[in-house]
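Report on the following structure.
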Amino acid sequence: MPHSLILPMAAHVAIAAFLYALLTAARAPSVWGFGRSADGSNPWADLEPRISANLSNQFEWPLFFHVACLLLLQSQPGYVASVLAWIFVAGRILHSAVQILTRNVRLRGMVFTVNFLAVLGLWILVVLAHAA
């Protein structure tokens, strides 16, 4: 049975959906008035721009992840492709947590490097699969 790339792709879609829900919740006090602080302010105002930026990040480098997975699905993706795809997903979760919960740009860059290398690995597999 070939190692499927559909589940890691779906997991990344779930991450993006979660971020949309989180952003909606963070904006609710300002937009709808739900959850305002006693002084009328938004208690999530500090996190909202970071959640928004992270959500935007889900449509940048991850595009190359999804394209590589789709191309690999045309062949028989193996164990290495599956491992790289799951490393990417785990890295995206970590990247989101670091970007939203901290201001540690160095750590965020290190986590992004894991994502970056996983996708480059997938693209090497794409080239090898389609060069034969």
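With the numbering used here applied, the sequence shown corresponds to residues 6 to 137, in that order.
Even for Gly, the Cβ is constructed at its ideal location relative to N, Cα and C.
- For proline 67, the three-state secondary structure derived from DSSP is helix.
- The continuous alpha helix (DSSP H) containing glutamine 104 extends over residues 84-106.
- Here DSSP, grouped into helix, strand and coil, assigns alanine 50 to coil.
- 8 Å or more divides the Cβ of leucine 10 from the Cβ of alanine 123.
- For leucine 75 and serine 61, the gap between their C-alpha atoms comes out near 21 Å.
- Spanning the alpha carbons of alanine 86 and phenylalanine 64 requires a straight line of approximately 21 Å.
- Taking C-beta separations shorter than 7 Å and ignoring five residues to either side along the sequence, the partners of methionine 14 in its chain run His71, Cys74, following chain order.
- Taking every protein chain shown into account, the CB of alanine 26 has fewer than 16 other CB atoms within 10 angstroms, so this residue is exposed.
- In this structure, proline 67 keeps its C-beta atom at 8 Å or more from the C-beta atom of arginine 41.
- For glycine 40, no alpha helix (DSSP H) encloses it, and the DSSP letter there is neither H nor E.
- Contact fails between the region 97-108 and the region 126-136, because fewer than three Cβ pairs, one in each stretch, are under 8 Å apart.
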